[in-house]
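To keep things clear, I will list the structure first and then write my remarks on it.
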Amino acid sequence: MGQKSEAGLDDRFRRFGTVGFTGITRVNDFIAHLEEGRVAGTRCRDCGQVFFPPCADCRSCFSRRMAWFAVEGEGRLVSWSRLAFGPAGFQEDVPYTIALLDFGGYKVFGRVDRAVSEEELAVGLPMKVRVERLPGDRLSYAFVKA
Ligand SMILES: [Zn+2]
Numbered sequence: 006m007g008q009k010s011e012a013g014l015d016d017r018f019r020r021f022g023t024v025g026f027t028g029i030t031r032v033n034d035f036i037a038h039l040e041e042g043r044v045a046g047t048r049c050r051d052c053g054q055v056f057f058p059p060c061a062d063c064r065s066c067f068s069r070r071m072a073w074f075a076v077e078g079e080g081r082l083v084s085w086s087r088l089a090f091g092p093a094g095f096q097e098d099v100p101y102t103i104a105l106l107d108f109g110g111y112k113v114f115g116r117v118d119r120a121v122s123e124e125e126l127a128v129g130l131p132m133k134v135r136v137e138r139l140p141g142d143r144l145s146y147a148f149v150k151a
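Per this note's numbering, the sequence shown runs over residues 6 to 151.
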């Protein structure tokens, strides 16, 4: 799974989402977790702070000792928005809905699966994350009803 580019760079992150804005990060294992069907965040081994999107450094105590954890179980829908105009690279995808789920100790931002209709969405709705395989060997995740 450790795919390196010709330059020897670990650019796995290029496979994330419809449009890749960055290919090189210190959290490339995010892609390895997606490959295995998990959406993952990081947790600080020193102070316990949880991060999503994953961070390689703790913003609370500046530790670099981070561990991956899987986003599991049900989150509660906090907020959502239907996009009629897509940002650069996403124009072909509109309309789609972005949302924020609260998993207790952390929140996850992402897209609502197209199978979920706007009418079904309500504050507090239990939802979960599901890994998606996109054309062109790309990976992402979307929210579905729990
Ligand atoms: Zn910390």
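C-beta atoms are modelled at their ideal positions from N, C-alpha and C, and glycine is treated no differently.
Asked: Pick from Val-99, Asn-33, Arg-20, Trp-73 that is closest to Phe-49, judged by C-alpha positions; Found: What sits at residue 49 in the sequence shown is Cys, not Phe. That would be Trp-73, whose Cα lies nearest to the Cα of Cys-49.
Asked: Those residues which DSSP pairs with Phe-74 across a bridge; Found: Gly-46
Asked: Check: Cys-66 C-beta below 7 Å from any heavy atom of ligand 1; Found: yes
Asked: C-alpha gap between Val-44 and Arg-135, whole angstroms; Found: 8 Å
Asked: For Ile-103, the residue or residues it bridges with in DSSP; Found: Ser-86, Arg-116
Asked: Reduced DSSP secondary structure (H/G/I, E/B, other) of Glu-123; Found: helix
Asked: Bounding residues of the alpha helix (DSSP H) (the contiguous stretch that carries Ala-37); Found: 34-40
Asked: Cys-60 CB to nearest heavy atom of ligand 1 below 7 Å; Found: no
Asked: 8 Å Cβ cutoff met for Val-2 and Gly-91; Found: The shown model of the chain, from 6 to 151, leaves out residue 2, and the question about it has no answer.
Asked: Burial state of Pro-59 (16 or more Cβ within 10 Å); Found: buried
Asked: Ala-127 versus Leu-14: straight-line alpha-carbon distance, rounded; Found: 43 Å
Asked: Anticipated Cβ contact below 8 Å, Arg-116 with Ile-103, distance rounded; Found: 6 Å
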